[in-house]
Amino acid sequence: MNVALIIAGGSGHRMNQDIPKQFINIYDRPVIVYTLEAFQKHEEIDAIEVVCLDGWHDVLRAYANQFNITKLRWITSGGATGQESIRNGVEYLRNDCADDDIIIVHDGIRPLVDVSVLSDVIAVCRQKGNAVTAMPYNEQIFKIRDEDSTCEYIPRETLRRVATPQAYRYGKLRWAYEKAFTEKIGIYGSAYTNTMMVDLGETLYFAKGSDRNIKLTTKDDLELFKAYLKLEENTWLK
Ligand SMILES: C[C@](O)(CO)[C@H](O)COP(=O)(O)O
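Here it is, written out as structure tokens:
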């Protein structure tokens with residue numbers, strides 16, 4: 010079974026809005042619905058779990074009914090941090106998932122994930138045991154010496170930008186979160202499943218990423234999202 014684990018537990022304070030960013034309406038539907046639709050229409054996705062902000066579970070269920078997201082099977086609560094939210098989502102599946110099921114972890118605020126990205130992350134995970142979507146860098150990356158200066162750079166050919174979706178076998182994911190939280194490894198700061206896995210000594214495998222798969226963090230990102238939607242609409246009309 011291939012299960013999408015969508016993380017939508019954030020309160021979105023970086024966007025300075027009353028509504029959490031995953032629930033902001035863009036044209037005719039909220040951001041989270043665009044994300045859910047991408048998984049709903051992918052034929053290899055069997056079921057969807059959403060880790061959702063408390064107080065928004067009923068709203069989410071109502072949207073799922075309205076927009077026919079029939080694969081949505083579980084809604085559970087987030088935690089105090091992103092890592093706690095993902096861990097909650099993983100634990101919540103313990104009676105429903107087998108160790109070799111594939112869990113596709115995805116940020117609810119990346120609504121432009123497309124079919125080919127999802128297909129590749131599932132295929133690489135099936136073959137290698139895990140997969141993280143990745144893209145090359147096209148800027149030069151300098152390390153800061155202090156806030157005003159630098160004298161060291163990292164050759165960009167040696168770097169990849171890793172995003173979600175990321176796919177892991179359920180058994181490995183459960184083992185990793187249990188170990189990480191018990192031994193306090195890879196769970197602080199900006200840690201995510203990918204960095205935690207590496208901190209636990211695991212090797213990760215790259216799958217095809219997409220520059221279009223933006224994370225909606227700031228208000229500018231919302232404008233970019235709208236522009237992409239308009240572009241798609243115009244392309245379909247032609
Ligand atoms: C994939 C990710 O960039 C971590 O590698 C993730 O999107 C981070 O999410 P955050 O909420 O900005 O920490």
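If you use our numbering, the sequence shown corresponds to residues 10 to 247, in order. Glycine is no exception: its CB is placed at the ideal position from the N, C-alpha and C atoms.
For Ile41, the enclosing alpha helix (DSSP H) covers residues Val40 to Gln49.
The criterion of a C-beta distance shorter than 7 angstroms is satisfied by Ile84 and Cys61. Per DSSP, Arg96 is one residue of the alpha helix (DSSP H) stretching across Gly91 to Tyr101. If you look at Gln175, you'll find it in the beta strand (DSSP E) that goes Arg169 to Arg178. When the alpha-carbon of Val124 is set against those of Asn139, Ser219, Lys224 and Glu242, the nearest one is in Ser219. For ligand 1, a non-hydrogen atom lies closer than 6 angstroms to the CB of Asn203. For Ala47, the closest C-alpha among the options Ile111, Val126 and Gly98 is that of Val126. For the pair Ala140 and Ala176, the CB atoms are nearer than the 7 angstroms cut-off. Short of 8 angstroms from the beta carbon of Lys152, and not among the five residues preceding or following it, lie these beta carbons of its own chain, in chain order: Thr159, Glu161, Tyr162 and Ile163.
Taking non-hydrogen atoms of ligand 1 into account, the C-beta of Val171 is found less than 6 angstroms away from one of them.
With a beta-carbon spacing of about 26 angstroms, His115 and Thr191 fall beyond the 8 angstroms limit used to define contacts. In terms of Cβ geometry, Asn11 and Ile54 form a close pair [threshold 7 angstroms]. Asp27 has its CB no nearer than 6 angstroms to any heavy atom of ligand 1. Here Ala73 is buried. Its C-beta has 16 or more other C-beta atoms within 10 Å. Taken through DSSP and simplified to helix, strand or coil, Trp65 comes out as coil.
Under the DSSP assignment, Met206 falls in the alpha helix (DSSP H) whose first and last residues are Thr202 to Asp208. When the five nearest sequence neighbours on each side are left out, the beta carbons in the same chain lying within less than 8 angstroms of the beta carbon of Arg178 are those of Asp108, Asp109, Asp110, Ile111, Ile112, Cys134, Gly138 and Asn139, in order along the chain. Gly117 has its CB no nearer than 6 angstroms to any heavy atom of ligand 1. A straight-line Cα-Cα distance of about 11 angstroms links Pro145 and Phe215.
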